[in-house]
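A.B. asks:
Residue numbers (the numbering used here): 87 to 351.
(1) Quick one: is residue 165 buried, meaning 16 or more other Cβ sit within 10 Å of its Cβ, or exposed?
(2) Near residue 124, what residues of its chain come up, given a Cβ to Cβ distance below 8 angstroms and the 5 sequence neighbours on each side ignored?
(3) Among 264, 184, 287, which one has its Cα closest to the Cα of residue 274?
(4) Which of the three DSSP states is assigned to residue 252 in this structure?
(5) Could you check where the alpha helix (DSSP H) with residue 104 kicks off and where it finishes?
(6) Can you tell me whether DSSP reads residue 266 as helix, strand or coil?
(7) How many angstroms separate the CA atom of residue 128 from the CA atom of residue 104?
(8) Which residue marks the beginning of the beta strand (DSSP E) containing residue 283, and which one marks its end?
(9) For residue 186, which residues of its own chain have a beta-carbon under 8 angstroms away from its beta-carbon, when the five flanking residues on both sides are left out?
(10) So residue 133 is in the alpha helix (DSSP H); what residue range does that whole segment cover?
(11) Please report the Cβ distance between residue 404 and residue 174, rounded to the nearest whole angstrom; I am assuming they are in contact, meaning their Cβ atoms lie under 8 angstroms.
(12) Within a Cβ cutoff of 8 angstroms, which residues of the same chain sit near residue 100, ignoring the five residues on either side of it in sequence?
(13) Are residue 172 and residue 218 close, meaning C-beta to C-beta below 8 angstroms?
(14) Give me the residue from 89, 95, 133, 316 with the minimum Cα distance to residue 257.
(15) Note down the Cα distance separating residue 167 from residue 334, rounded to an integer number of angstroms.
(16) Per DSSP, what are the beta-bridge partners of residue 171 in this structure?
(17) Less than 6 angstroms between C-beta atoms, sequence neighbours within five positions excluded: which residues of the same chain meet that for residue 242?
(18) Taking the alpha carbon of residue 340 as the point to measure from, which residue in 214, 318, 284, 314 has its own alpha carbon closest?
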C-alpha cells in the first residue's frame, strides 16, 4: 500500500467519527465516569483528560478499520513513545498516526503541537522513544480532533445516578476531525515556549486543507528546516552561539549565506 492510498482510506474513515462521538444535539456522548454502583462522576474540560478519553473511544474503531483493510494496528509499548498508532500492511510498510487534539473558537484552534524536532526526529535510524525507527515509516500522519468547550460546567462535587444521565451537561461539543501529513500542517515556530516541539498552524480551514507554510515547499524542506532548528539554549549548548534561524525568512537568509560560502569554495 502506498502512503497516498493509506492517507485516502484513513481520511474516509475519519469522516465517520463526528457522528460516532456526538449526540443529535452535537454534544459529546461522554458524560462522566460510572462505578459498579451506577454512580456517575462528571469530568472537567481539561484538555488532557478529554483527549485521552477520545483516544480510548476511537482506538477500537481504528482497529476495526485496520482489519477491514488488511492492516495490523500496533500500539506503542510505552506511554511516551511515538507515534500513538502504527499501521502495518501485509507487505511490511509502516504508517505512523499521531492523535492531536485542541479546542477551538471561531476559525482558530487554541494551539497544536506536532511532536518533537529533537531525539528520534533527528536520529532517524535509531530507536529513540519509538518501537520502530523514524525512517521505517512510509508516512507520518496527524489525526486531528478539534472541539468546542461548553460555557456551562458541571459541579464536580456532585454525584449523579444513572437515571439522571439526561441532565448532565457534556463538557465539549461540535467536533471537527481531519487527517493530514505532519509536514503539511507544521508551522515554522515551536509549539510552545522554549520546548522542542514543532508547532502546528492554527487556522481551521488551513488545517483541513493541509495548507501550512511547508505545504508548497515540500517535505524535504520541512525536514531540513526542523532538523537544523535550535532554540537559544540548545544553540549555546551546541557551541554555535545563536540559532542559525528562527523562522522561514531567516532560514532563507541562512541558506543564501551557505550557498555563498559554497560558491567561494
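In this text, a Cβ means the ideal position worked out from N, Cα and C, and glycines have one as well.
C.D. replies: So, from the data block:
(1) exposed
(2) 247, 248
(3) 287
(4) helix
(5) 103-107
(6) strand
(7) 22 angstroms
(8) 283-286
(9) 198, 199, 200, 228, 229, 230, 231, 286
(10) 133-154
(11) Residue 404 is absent from the model: the chain starts at 87 and stops at 351.
(12) 229, 263, 264, 265
(13) yes
(14) 133
(15) 29 angstroms
(16) 183
(17) 128
(18) 314
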